[in-house]
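K.L.:
Structure below; questions to follow.
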Amino acid sequence: MKKLKILIFLLTLTSSFIIYSFKVQAESINYDISTAPIVISGDSDDDYIISGNTENNYITIEPGYNGTVTLQNINISIRGSNSPIAIQGKDNCPNSSPISNIDIVLEGDNYIEYKGNDGCAAIQVDQGTQINISAINPQDNSSGILTAKSSSVYAGAGIGALNHHHNTNEATSSNTILGECGTSATTAGGNIIISSGTITAKGGHSAGIGGGHETYYDGMIVIYGGKVTANSMRHAAGIGSGCPCHKGVVDCCTPTSSIIALPPAQLSAGGAGLTNNVVIPEYALSGANSIIYIGDPSKPEVTVRTEDNTPNADILVDLSENPTISSVLAMTVASDRLDVNKIKFGTTDKNGIYQFNGILQDTTSFFTNACSIKPKTLGRPYMSKDTILESGGTVILKLLETNVALFAETSSPLEENYTTEDALKNAYCYQLIYSDSIPTYNVSYDLARGKQSDFGELKFYYADRSTQIPTAPTTLTQGDTIFIVTPIKVGKTNGNYSDILRIKSAWKGSSTSYIKQVVKQAVCEAINVTLCPNESYFFNDQNLNISGTYYDTLQSSAGNDSLIILHLTILNSQTITDTLSLFDYELPYIYANTTIDENATSGDYTINTQSNQGCNITIQLHLDITPTFDIELDTNNLSTCPDSKRMNINYKIDYGEIDSFAIYFDNNALKKGFNNAEKQALTYPIQIELPDSVESDIYYANICFSNSTCTKEYSVRFNVDYSSNIIVNKWNGVLALLNSQYNGGYNFKEFQWYKDGEELSNETNSYIDTRDYLNTDTSANFAVKITRDDDVILFTCLYHYSSDISSSEIAIYPTIVNRNQSITVTSENKGQATIWSTLGGKKQTTELTNGTNKIPGLNEPGTYVLIVSDENNILKQQIIIII
332 MKKLKILIFL LTLTSSFIIY SFKVQAESIN YDISTAPIVI SGDSDDDYII SGNTENNYIT
392 IEPGYNGTVT LQNINISIRG SNSPIAIQGK DNCPNSSPIS NIDIVLEGDN YIEYKGNDGC
452 AAIQVDQGTQ INISAINPQD NSSGILTAKS SSVYAGAGIG ALNHHHNTNE ATSSNTILGE
512 CGTSATTAGG NIIISSGTIT AKGGHSAGIG GGHETYYDGM IVIYGGKVTA NSMRHAAGIG
572 SGCPCHKGVV DCCTPTSSII ALPPAQLSAG GAGLTNNVVI PEYALSGANS IIYIGDPSKP
632 EVTVRTEDNT PNADILVDLS ENPTISSVLA MTVASDRLDV NKIKFGTTDK NGIYQFNGIL
692 QDTTSFFTNA CSIKPKTLGR PYMSKDTILE SGGTVILKLL ETNVALFAET SSPLEENYTT
752 EDALKNAYCY QLIYSDSIPT YNVSYDLARG KQSDFGELKF YYADRSTQIP TAPTTLTQGD
812 TIFIVTPIKV GKTNGNYSDI LRIKSAWKGS STSYIKQVVK QAVCEAINVT LCPNESYFFN
872 DQNLNISGTY YDTLQSSAGN DSLIILHLTI LNSQTITDTL SLFDYELPYI YANTTIDENA
932 TSGDYTINTQ SNQGCNITIQ LHLDITPTFD IELDTNNLST CPDSKRMNIN YKIDYGEIDS
992 FAIYFDNNAL KKGFNNAEKQ ALTYPIQIEL PDSVESDIYY ANICFSNSTC TKEYSVRFNV
1052 DYSSNIIVNK WNGVLALLNS QYNGGYNFKE FQWYKDGEEL SNETNSYIDT RDYLNTDTSA
1112 NFAVKITRDD DVILFTCLYH YSSDISSSEI AIYPTIVNRN QSITVTSENK GQATIWSTLG
1172 GKKQTTELTN GTNKIPGLNE PGTYVLIVSD ENNILKQQII III
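Residue numbering for the sequence shown is 332 to 1214, as defined by my numbering.
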């Protein structure tokens, strides 16, 4: 592969990237045309850059040459019997299989003029040849300018065939045609393809671009980009044929000739009649068997929009089912330069409208890669529209009726020699979300280029993005989310690749139109270079001596652009001043191949070493070793009861000193009332403050210990168990759990009872008969491990039960009271009376004495639980209703 000159921009947008590359310019052979004529041999493998000014010399390209010729600010203005630039062909060679296929790259401002009277063209394109004209930067037409002018009325085309009446020095076909013009004439001229640049072409007694006088133009002219102006001085088309038989150019054509002009090309063409330089409008594009001019202001206007007028939507056209156009493009333009399945006509304006003038007599499919941006239909794609446009009109891309959304995830560039796994990992991907209540079925997915696609088998994944769906889903129902991944085939060389993903299905008993979405992938050649100090690497016409990633574009022998990535590493200077800061626990430490041992101290050191490339390196190192600490935090089985005000966490300092700590809770804990504790003086143990009316749940926090030089963070999980108040003594030693109406609103589904820390294997109900376990004992501690309906598992705090305790000694009345009405509690023992809300919040506590006690009333209506307890036991519970 030859080294080529290129400028490249790499633009990254969120997860997506776009590569804009300037057209290549070879550096293999540079030639100054002012010195002498140049003849490029047909068997040459070289590319050429030609510059200079001349009034005597010319460029001849012999049959069989396939390469790139760059015109670099060239000026050729000559007379005589030679065309300034002659691409020589072969007699009877069909233009469907040209013997020469040449890229003409325009750099700067180029002027080519034939001033003689011998019928030559400014740029001669013979039978059986093809030229592909482009600017050095395809994104900027002004980067490549060409004026090709035949200034004599006896001359040939600006770009194309000769005036055969004055000059027979060209390859032609032996065929003669008796057409509408009424007289036989030979066929001549090759294919002319224009993709970018600013081009002005003027013919003499011949077309501006195309045929010469007294021959039928036999080639194909395709203009799919650039700004093109083409005119004739006399009796010929602006673009198309010269006058074959002295009777004009309309309907004077060969069966194989075609003119195709597609957006974003900008054309201005004018043909002339028998009177010199008098424009005849119908001669603008004329003299070809088929003429397609999208953008012709004289043709009917076509309006294209989405159903909901989406702005900035690319309007793409699939011409694969349009044989008039697709057959010509297939013969003349490589698919990697112009994909017939997705030609971009334009982009909708701020009002969601795109308009052009033209006629499409064959079926043409319009589509957009955009999706709806409306909130109610966000991400929903638009259906393609197959139509024939013979007299203008409106093309509306309907929003897909099925409630489905597509969201694109653009691909990441691959480096050459990528693996199947690489291709899959970096592939273009669409997330499909199906939200319609009516299923869609008979769903099919394919790529427009089929077996010729650069992309392999489509892959499908479930919503988790990691589990592959074995076969393509053929039915989609409400709630389905799938990812459609389009990995490129393994083994593709560097270049830019694309295709169209098509999805089709049946919905409500009828078949939907195709959804068409573009997929893209770039493959790059990677070069890794490491240099010693003061060395440089020549890349992209620059001597590079700074580490970094650089980009260039080369061109393959097939004429395809390819991206080159250079990863350049320049080693540090030969004398390096460096500072290395380490914590003491990091010793011993490897630095620049010299081991810093565990006994090293802070200070200045000199290290002499070599790079892997053998470069001598002296390092003046300032070493700073910082003492740190290590800690063991006791995080096992951390739990507390909701009645507690705080929870303690123990720790042990293995070495070092600690000045402070901080506690940071997760979002769940913060929402439920816990508060972060910023820098706090170190205490032992660490205490977590519980919020009032804390909910029983599992919580998470990070505890950060710090000193002046170091911070270490530890994650902890702790439980706030259920209060023992949710266990009540029902009767004769039967303990039961309160339900959600009385336990604070918790719903329980599984239970496991414990006595004095031992699991009671057969006790898995919400109640237990303690008499089965007390035996000779009269008391024990009971607890329950409870699984909630949200699958959270927590214990209750210990409930102390004694068979000697009787609630019959306690009376509570009345149990239905008005607001602020007191409640009477009589008891033979001292204790406490606590009123709880049914949500678990403590409302008030009153100390009880022997005898009769008055409990202050509450002001809020509702249902409450009054619990009478002594130091160790709940003695009685009573529902209180305040009305």
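Ideal Cβ placement from N, Cα and C applies to all residues, glycine included.
1. For the segment 674 to 684 and the segment 790 to 797, state whether three or more C-beta atom pairs, one from each stretch, are separated by less than 8 angstroms.
2. Check the C-beta distance from Gln458 over to Leu493 and give it rounded, since I have them as a contact under 8 angstroms.
3. Take Ile1210 and list the residues in its own chain whose beta-carbon comes closer than 7 angstroms to its own, dropping the five residues that flank it on each side.
4. Using the beta-carbon count (16 or more within 10 Å), is Asn865 buried or exposed?
5. Between the Cα of Ile994 and those of Glu1026, Tyr1015, Ser1046, spot the shortest distance and give me the residue it belongs to.
6. According to DSSP, is Val581 part of a helix, a strand, or is it coil?
7. Can you give me the C-alpha to C-alpha distance between Ala889 and Ile360, rounded to a whole angstrom?
8. Rounded to the nearest angstrom, what separates Trp598 and Lys558 at their Cα positions?
9. Does the distance from the C-beta atom of Tyr396 to that of Ile407 stay below 8 angstroms?
10. Between Thr699, Lys533, His497, Gly543, which lies nearest to Gly411 when the distance is taken from Cα to Cα?
11. In the structure shown, what three-state DSSP assignment does Ala923 receive?
12. Could you tell me the distance, in whole angstroms, from the CA atom of Ala596 to the CA atom of Ile800?
13. To the nearest angstrom, report how far apart Ile1214 and Lys1207 are at their CA atoms.
14. Among Gln461, Ala488, Ile409, Ser933, which residue has its Cα nearest to the Cα of Val553?
15. What residue from Asn700, Pro628, Ser414, Thr695 has the CA that sits closest to Asn643's CA?
16. Classify Asp1121: buried if its beta carbon has 16 or more other beta carbons within 10 angstroms, exposed otherwise.
17. Could you check which residue in Asn930, Ile525, Gln905 has the C-alpha nearest to that of Thr940?
18. At what residues does the alpha helix (DSSP H) containing Ser657 begin and finish?
19. Quick one, are the C-beta atoms of Leu778 and Val735 less than 8 angstroms apart?
20. May I have the straight-line CA-CA distance separating Cys574 from Ser427, to the nearest angstrom?
21. Which residues bound the beta strand (DSSP E) around Glu1081?
22. So who's on the other strand from Asp645, going by DSSP bridges?
23. So, at 8 angstroms on beta carbons, what are the nonlocal neighbours of Arg1150 in its own chain, with the 5 sequence-adjacent residues on each side left out?
24. For the candidate residues Leu913, Tyr868, Gln852, whose alpha-carbon lies nearest to that of Leu894?
25. Please state the DSSP three-state secondary structure of Ser1055.
26. Kindly list the residues whose CB is nearer than 6 angstroms to the CB of Lys1003, restricted to its own chain and excluding five residues on each side of it in sequence; keep chain order.
27. Could you have a look at Asp1023 and say whether DSSP puts it in helix, strand or coil?
28. Do you know offhand how far Thr808's Cα is from Ile540's?
29. Assuming the contact rule is C-beta atoms closer than 8 angstroms, Phe697 and Val648 should be a hit. Round their C-beta distance to whole Å, please.
30. Between which residues of its own chain and Ile938 is the CB-CB distance below 7 angstroms, once the five residues before and five after are set aside?
31. Should Glu1178 and Ser1158 be called a contact, given that it needs their Cβ atoms to be closer than 8 angstroms?
32. To the nearest angstrom, report how far apart Leu437 and Asp377 are at their CA atoms.
33. Would the beta-carbon of Thr391 fall within 8 angstroms of that of Ala367?
34. Could you say which of Thr802, Ala803, Leu897, Asn748 lies nearest to Val821 if we only look at CA atoms?
35. Buried or exposed: which applies to Pro919, given that a residue is buried once 16 or more other Cβ atoms fall within 10 Å of its Cβ?
36. With DSSP collapsed to three states, give me the class of Gly450.
P.N.:
From the atom records:
1. No, the segment 674 to 684 does not touch the segment 790 to 797.
2. Not really, about 11 angstroms apart at Cβ, beyond 8 angstroms.
3. Counting only residues of its own chain and dropping the five nearest sequence neighbours on each side, Ile1210 has a CB closer than 7 angstroms to the CB of Thr1146, Thr1194, Val1196.
4. Exposed: under 16 other Cβ atoms inside 10 Å.
5. Comparing Cα positions, the closest option is Ser1046.
6. Note: Val581 maps to coil in three-state DSSP.
7. Confidence is the limiting factor: at Ala889 the pLDDT is only 34, short of 50, which leaves the residue's position unreliable and the question unanswerable from this model.
8. According to the sequence as given, residue 598 is Leu; it is not Trp. Linking Leu598 to Lys558 through their CA atoms gives a straight-line distance of about 6 angstroms.
9. Judged by their CB atoms, Tyr396 and Ile407 are not nearer to each other than the 8 angstroms cut-off.
10. The option with the nearest alpha carbon to Gly411 is His497.
11. DSSP, reduced to helix, strand and coil, places Ala923 outside both helices and strands of the structure shown, so it counts as coil.
12. Rounded to the nearest angstrom, the two C-alpha atoms are 44 angstroms apart.
13. Distance between Ile1214 and Lys1207, taken at the CA atoms: about 23 angstroms.
14. Of Gln461, Ala488, Ile409, Ser933, the residue nearest in Cα terms is Gln461.
15. Nearest of Asn700, Pro628, Ser414, Thr695 to Asn643, Cα basis: Asn700.
16. Exposed, since its Cβ has fewer than 16 Cβ neighbours within 10 Å.
17. Selected option, being the one with the closest Cα: Gln905.
18. Here the alpha helix (DSSP H) through Ser657 covers 654 to 663.
19. Contact flag unset, no.
20. It is roughly 23 angstroms from the alpha-carbon of Cys574 to the alpha-carbon of Ser427.
21. Start and end: 1079 to 1086.
22. DSSP, once it has assigned bridges, lists Thr678 as partnering Asp645.
23. Excluding positions up to five away in sequence, the list reads Gly1188, Leu1189, Asn1190, Glu1191, Pro1192, Ile1213, Ile1214.
24. Here the closest residue by C-alpha is Gln852.
25. It is helical.
26. Hits under 6 angstroms: Glu1026.
27. In the structure shown, the three-state DSSP call for Asp1023 is coil.
28. C-alpha of Thr808 to C-alpha of Ile540: approximately 57 angstroms in a straight line.
29. With 8 angstroms as the limit, Phe697 and Val648 qualify as a contact, their Cβ atoms being about 6 angstroms apart.
30. Within the same chain, Ile938 has close Cβ partners Ala923, Thr925, Ile950, Leu952.
31. No, these two residues do not count as a Cβ contact at 8 angstroms.
32. So the alpha carbons of these two residues sit roughly 17 angstroms apart.
33. For the 8 angstroms CB-CB criterion, Thr391 and Ala367 do not form a contact.
34. In this structure, Asn748 is the residue among Thr802, Ala803, Leu897, Asn748 with its C-alpha nearest to the C-alpha of Val821.
35. Exposed, by the Cβ-count rule.
36. Here DSSP, grouped into helix, strand and coil, assigns Gly450 to coil.
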